[in-house]
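In order, the protein sequences belong to chains A and B. Take the first sequence: its letter number 367 is residue 367 in my numbering, and every next letter is one higher. Counting from 1 along the second sequence, just add 426 to a position and that's the residue number in my numbering. All C-beta atoms in this analysis are idealised placements derived from N, C-alpha and C, irrespective of residue type, glycine included. Below: one structure, written as structure tokens.
There are 2 protein chains.
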Amino acid sequence: MSYMTQMEAARKGIFTKEMEIVLKEESISKKDLMEKMAQGKIVIPANKNHKSLSPKGIGEGLKTKINVNLGVSEDCCDQELELEKVMNSIKLGADAIMDLSTFGDTRGFRRKLADMSPAALGTVPMYDAVAKYGKDIASMTVEDLFKVVEEHCEDGMDFLTIHAGLNLTCVERLQKNNRLTKIVSRGGSILYEWMIKNNKENPFYEHYDRLLDICRKYDVTLSLGDGLRPGSLKDATDAPQIQELIILGELTKAAWEKDVQVMIEGPGHVPLNEIATNMQLEKKLCHGAPFYVLGPIVTDIAPGYDHITSAIGGAIAASNGADFLCYVTPAEHLRLPTAEDVKEGIIASKIAAHVGDIAKGIKGAIDWDHAMSEARGTLNWQKMFDLCIDREKAIEYRRSVIESSKGEACTMCGDLCPIKRCNEIA
Amino acid sequence: MSYMTQMEAARKGIFTKEMEIVLKEESISKKDLMEKMAQGKIVIPANKNHKSLSPKGIGEGLKTKINVNLGVSEDCCDQELELEKVMNSIKLGADAIMDLSTFGDTRGFRRKLADMSPAALGTVPMYDAVAKYGKDIASMTVEDLFKVVEEHCEDGMDFLTIHAGLNLTCVERLQKNNRLTKIVSRGGSILYEWMIKNNKENPFYEHYDRLLDICRKYDVTLSLGDGLRPGSLKDATDAPQIQELIILGELTKAAWEKDVQVMIEGPGHVPLNEIATNMQLEKKLCHGAPFYVLGPIVTDIAPGYDHITSAIGGAIAASNGADFLCYVTPAEHLRLPTAEDVKEGIIASKIAAHVGDIAKGIKGAIDWDHAMSEARGTLNWQKMFDLCIDREKAIEYRRSVIESSKGEACTMCGDLCPIKRCNEIA
Chain A
1 MSYMTQMEAA
11 RKGIFTKEME
21 IVLKEESISK
31 KDLMEKMAQG
41 KIVIPANKNH
51 KSLSPKGIGE
61 GLKTKINVNL
71 GVSEDCCDQE
81 LELEKVMNSI
91 KLGADAIMDL
101 STFGDTRGFR
111 RKLADMSPAA
121 LGTVPMYDAV
131 AKYGKDIASM
141 TVEDLFKVVE
151 EHCEDGMDFL
161 TIHAGLNLTC
171 VERLQKNNRL
181 TKIVSRGGSI
191 LYEWMIKNNK
201 ENPFYEHYDR
211 LLDICRKYDV
221 TLSLGDGLRP
231 GSLKDATDAP
241 QIQELIILGE
251 LTKAAWEKDV
261 QVMIEGPGHV
271 PLNEIATNMQ
281 LEKKLCHGAP
291 FYVLGPIVTD
301 IAPGYDHITS
311 AIGGAIAASN
321 GADFLCYVTP
331 AEHLRLPTAE
341 DVKEGIIASK
351 IAAHVGDIAK
361 GIKGAIDWDH
371 AMSEARGTLN
381 WQKMFDLCID
391 REKAIEYRRS
401 VIESSKGEAC
411 TMCGDLCPIK
421 RCNEIA
Chain B
427 MSYMTQMEAA
437 RKGIFTKEME
447 IVLKEESISK
457 KDLMEKMAQG
467 KIVIPANKNH
477 KSLSPKGIGE
487 GLKTKINVNL
497 GVSEDCCDQE
507 LELEKVMNSI
517 KLGADAIMDL
527 STFGDTRGFR
537 RKLADMSPAA
547 LGTVPMYDAV
557 AKYGKDIASM
567 TVEDLFKVVE
577 EHCEDGMDFL
587 TIHAGLNLTC
597 VERLQKNNRL
607 TKIVSRGGSI
617 LYEWMIKNNK
627 ENPFYEHYDR
637 LLDICRKYDV
647 TLSLGDGLRP
657 GSLKDATDAP
667 QIQELIILGE
677 LTKAAWEKDV
687 QVMIEGPGHV
697 PLNEIATNMQ
707 LEKKLCHGAP
717 FYVLGPIVTD
727 IAPGYDHITS
737 AIGGAIAASN
747 GADFLCYVTP
757 AEHLRLPTAE
767 DVKEGIIASK
777 IAAHVGDIAK
787 GIKGAIDWDH
797 AMSEARGTLN
807 WQKMFDLCID
817 REKAIEYRRS
827 VIESSKGEAC
837 TMCGDLCPIK
847 RCNEIA
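In structure tokens, the structure reads:
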């Protein structure tokens with residue numbers, strides 16, 4: 001028996017080598033994995049041309065995964081530097097890398113990534129369309145756009161962000177509902193500009209079947225973009241956002257009819273008390289498709305600290321069912337991230353994912369915490385360091401004062417360390 | 427008419443100057459404020475001897491407040507350096523400062539604080555007992571302990587952490603229920619040691635009326651400590667913790683009978699999905715007394731990043747009713763915090779408090795976000811900076827690449843800035 005996509009394999013009862021690898025990293029049964037893949041609730045983004053991939057599963061019952069955005073742009077166009085960031089991100093535990101390049105030899109860069117990245121690779125072809133055809137967006141033809149999509153598939157990208165749901169119905173909602181921040185999705189705004197200036201329907205919506213055929217051919221996972229994600233707490237959970245989510249739900253079903261794997265992209269800026277609602281809405285309207293969220297960030301007022309605002313939102317989102325977190329760095333809203341920003345963003349995102357996994361009851365997730373606290377309870381510093389999410393930072397912090405931390409305790413409590421004293425009494 | 431405490435004043439219908447100041451900073455009515463103070467749901471920690479105080483209210487319907495822990499210890503004994511940290515913390519927006527000094531001339535330091543701090547001041551007298559009488563804890567007499575308490579009250583401390591609830595009943599629970607991390611409260615462990623070694627009841631439990639009389643005299647707010655707060659996710663919401671909370675509820679009622687203001691201290695290490703339960707339990711068992719939480723931190727595995735793990739927990743706690751957040755710095759579990767650690771901790775805690783305020787619907791809280799997003803929507807950088815929680819960091823981030831951020835946009839999207847392009851189309 002043969003299959004075109006992982007979803008088709010699952011539906012035909014074929015156990016692929018990608019499923020086998022995923023199964024080893026998760027605490028789900030083979031039967032569950034295949035059932036959920038067949039239903040679209042789990043995806044394994046794995047382009048047939050991405051030979052260096054070590055596949056991961058994303059979706060219900062699996063560990064929450066994290067994505068890191070990188071790429072070459074006009075303002076930061078050193079490919080080598082960016083590749084170094086990619087490799088460091090993978091070392092730090094990124095499950096996926098989105099290459100958001102918008103400048104220079106994007107295809108060369110993409111192919112280098114596909115040659116060396118065990119992490120799943122994603123792109124937003126509309127960005128590359130700008131790199132390829134220039135900033136006069138309206139002049140791009142439908143053929144131009146599909147050419148770029150096909151190239152990305154050929155080049156081994158595992159998932160593509162396509163804002164196919166931002167159709168004329170959504171544009172109408174956008175016009176009828178005032179927003180504080182109209183469109184903050186870059187890919188979404190490019191398509192919007194194309195639609196408005198050409199007075200035409202979204203080409204990826206209009207020619208959606210063509211898009212599905214390309215994705216099916218390479219087994220590229222469609223990451224249906226949220227072009228109208230809120231860019232401020234004010235705009236969260238508003239009519240344009242939910243309208244687009246409704247359309248994405250329809251597109252999800254259509255993709256599944258062709259065995260094309262789908263993820264749904266989500267907000268964005270969302271008040272803490274609206275996050276659970278957003279997660280539930282996605283799972284309902286998009287029929288259980290994995291939810292890939294950007295943040296969400298829970299306040300607008302903390303540029304410089306949006307790794308923290310998104311860790312808060314991401315943890316709550318994950319605990320309410322989000323499957324895949326896009327990292328946010330301290331540089332968000334201010335500048336392209338430096339290597340240090342990238343690291344801060346990754347760690348914050350990994351914390352959020354893990355915290356969410358504990359809360360949603362992913363089997364084994366909390367064992368890590370128990371091991372750490374056992375080490376802490378016996379003041380076994382070596383073991384504590386080994387279990388730290390960032391071993392080097394922890395060691396550096398303790399070393400900075402090691403002379404004054406007499407023996408077992410740390411300088412927080414010194415001789416009055418409650419753990420030390422209690423252990424002595426008991 | 428006269429009154430001894432703010433609570434008594436509220437009960438007698440006396441509108442104090444402290445209430446007047448609090449009212450100006452909050453969006454609650456005078457009637458509501460006084461009613462809730464009379465019920466114990468709001469406190470205004472304001473020792474009669476703290477002349478430099480600018481009083482703040484803590485409790486139901488008010489903005490969530492944050493506390494910063496500082497102090498002089500054997501490992502870090504430079505009073506001037508510590509005072510500088512205090513002043514910086516107040517500048518950064520700390521609502522309260524807890525002086526956790528355990529070494530040297532603690533009384534001199536405390537008095538300096540009372541002379542210059544507009545922020546409310548808190549202490550843990552048991553720490554000072556160690557500074558005063560040495561580390562042979564069992565040899566301290568009940569008189570010794572009360573002497574320290576009286577001194578702190580005389581010196582103008584607005585609230586005192588007293589672990590009066592950690593009585594023999596709680597010790598029994600502790601012995602019958604295995605924990606991964608037995609006691610992680612320093613003050614709690616000192617009292618525990620005293621109790622075990624002397625085979626006696628907790629002196630603050632046994633002589634609670636005496637404690638209340640002292641507090642009443644100076645109008646010191648009792649911050650009833652959680653000596654058995656969980657120190658690991660494993661121990662969260664367990665029998666010893668909840669047993670102590672039950673006792674604290676009884677002590678709260680007894681304090682209210684003498685018009686003594688009370689806050690309840692809370693965890694600690696708590697999985698995300700148990701935070702709401704913890705908040706509800708406190709409000710029920712302690713009859714609506716304000717809840718003052720340390721974190722909570724939502725995973726044990728991130729030393730070096732516990733400002734983030736506690737921002738996650740603090741935001742969720744606040745959104746579920748916590749009234750007062752104790753900051754946690756990146757140095758938690760590793761060393762005493764540096765000035766930079768203190769800043770990181772304060773900002774993270776302020777973010778959590780604000781995010782919680784938005785979620786719990788504190789009137790006006792979200793206006794800050796709306797103003798920021800309005801500025802963002804028009805790419806008004808000056809206004810954005812002015813609204814940032816950390817103006818300097820945001821400016822520094824943008825300045826670092828200002829040459830390449832051409833005009834309005836930032837380097838994140840450059841010329842493809844969706845806000846810029848959408849504004850041009852519309």
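Item, Value
"Counting only beta-carbon atoms, is MET372(A) nearer than 8 angstroms to chain D?", "Of the chains in the structure shown, none is chain D; the protein chains are A and B."
"Please report the Cβ distance between ALA164(A) and TYR192(A), rounded to the nearest whole angstrom; I am assuming they are in contact, meaning their Cβ atoms lie under 8 angstroms.", "Actually they are not in contact, since the Cβ atoms of ALA164(A) and TYR192(A) sit about 13 angstroms apart, beyond 8 angstroms."
"Let me confirm a value: LYS182(A) is counted as buried when at least 16 other C-beta atoms fall within 10 Å, else exposed. Which label applies?", "buried"
"How far does the beta strand (DSSP E) with GLU691(B) in it extend, from its first residue to its last?", "688-692"
"Using the C-alpha atoms, what's the distance from GLY534(B) back to GLU506(B)?", "12 angstroms"
"Pull up the distance between the alpha-carbon of GLU708(B) and that of GLU670(B), whole angstroms please.", "11 angstroms"
"Which runs of the alpha helix (DSSP H) fall wholly inside the region 163-231 of chain A and span at least 4 residues, in chain order?", "168-176, 186-198, 203-206 and 208-218"
"Figure out for me which residue from PRO656(B), ASP635(B) and GLY657(B) has the closest Cα to the Cα of LEU648(B).", "ASP635(B)"
"Please list the terminal residues of the continuous alpha helix (DSSP H) segment that includes LYS901(B).", "The requested residue 901(B) does not occur in the structure, where chain B is confined to residues 427 to 852."
"So LEU592(B) packs on GLY653(B), CB below 8 angstroms; how close in whole Å?", "4 angstroms"
"Measuring alpha carbon to alpha carbon, tell me which of ASN273(A), LEU387(A) and GLU74(A) ends up nearest GLY747(B).", "ASN273(A)"
"Quickly, what does DSSP pair MET524(B) with across the bridge? List them, please.", "ASN495(B) and GLY548(B)"
"On a Cα-Cα basis, can you pick out the residue from ARG642(B), ALA741(B), LYS819(B) and ALA702(B) that is closest to ASN475(B)?", "ARG642(B)"
"Taking the alpha carbon of MET37(A) as the point to measure from, which residue in ALA9(A), ASN47(A) and THR64(A) has its own alpha carbon closest?", "ALA9(A)"
"Since TYR823(B) is in the alpha helix (DSSP H), which residue starts that stretch and which ends it?", "817-825"
"Would you call the CB atoms of LYS491(B) and LEU509(B) closer than 8 angstroms?", "no"
"Starting from the N-terminal side, write out each stretch of the alpha helix (DSSP H) that is 4 residues or longer and does not extend beyond the region 328-372 of chain A.", "339-359"
"Could you pull out every residue in the same chain whose Cβ sits closer than 8 angstroms to the Cβ of TYR305(A), ignoring the five residues on either side in sequence?", "PRO330"
"Can you confirm whether the region 253-260 of chain A touches the region 228-241 of chain A when touching is taken to mean that 3 or more C-beta pairs between the two stretches lie within less than 8 angstroms?", "no"
"Just mark ASN67(A) as buried or exposed, buried being the case when its beta carbon has 16 or more other beta carbons within 10 Å.", "buried"
"Please list the residues of the region 296-328 of chain A that have a C-beta atom closer than 8 angstroms to any C-beta atom in chain B, keeping them in chain order.", "VAL298, THR299, ASP300, ILE301, ALA302, PRO303, GLY304, TYR305, HIS307, ILE308, THR309, ALA311, ILE312, ALA315, ILE316 and SER319"
"Are the C-beta of TRP794(B) and some C-beta of chain A separated by less than 8 angstroms?", "yes"
"Mind checking whether LEU751(B) and VAL724(B) have CB atoms under 8 angstroms apart?", "no"
"Could you spell out the range, first to last residue, of the alpha helix (DSSP H) harbouring PHE109(A)?", "106-116"
"I think SER515(B) touches VAL768(B), with their Cβ atoms under 8 angstroms apart; what is that distance to the nearest whole Å?", "6 angstroms"
"Please list, in chain order, all residues of the same chain as ILE701(B) whose beta carbon is under 8 angstroms from its beta carbon, the five residues on each side excluded.", "PRO722, VAL724, GLY739, ILE742, ALA743 and ASN746"
"Using a Cβ-Cβ cutoff of 7 angstroms, what residues of the region 264-277 of chain A are near chain B? List them in chain order.", "PRO271, LEU272 and ASN273"
"Leaving out five residues on either side along the sequence, give the residues of the same chain with a beta carbon under 7 angstroms from the beta carbon of GLY188(A).", "HIS163, LEU166, GLY225, GLY227 and LEU228"
"Here's a check: name, in chain order, each residue in its chain whose Cβ is nearer than 8 angstroms to the Cβ of THR528(B), leaving out the five neighbours to either side.", "GLY497, VAL498, SER499, GLU500, TYR553, ASP554, VAL556 and ALA557"
"Hey, could you find the ends of the beta strand (DSSP E) CYS413(A) is sitting in?", "Neither: CYS413(A) is in no beta strand (DSSP E) and is coded neither H nor E."
"Whole angstroms is fine: what's the gap from ILE242(A)'s alpha carbon to GLU250(A)'s?", "13 angstroms"
"Beta-carbon of ILE358(A) versus every beta-carbon of chain B: anything under 8 angstroms?", "yes"
"Can you list, in chain order, the residues of its chain with a C-beta nearer than 8 angstroms to that of PRO666(B)? Leave out the 5 residues immediately preceding and following it.", "CYS596, ARG599, LEU600, ASN603, ARG605 and LEU654"
"Sort ASN704(B), SER826(B), ARG761(B) and ARG825(B) by Cα distance to THR411(A) and report the nearest one.", "ARG761(B)"
"Out of LEU674(B), GLY771(B), TRP620(B) and TYR823(B), point me to the one whose CA is closest to ARG421(A)'s CA.", "TRP620(B)"
"Going by C-alpha distance, which of THR106(A), ILE366(A), GLN39(A) and SER400(A) is nearest LEU387(A)?", "ILE366(A)"
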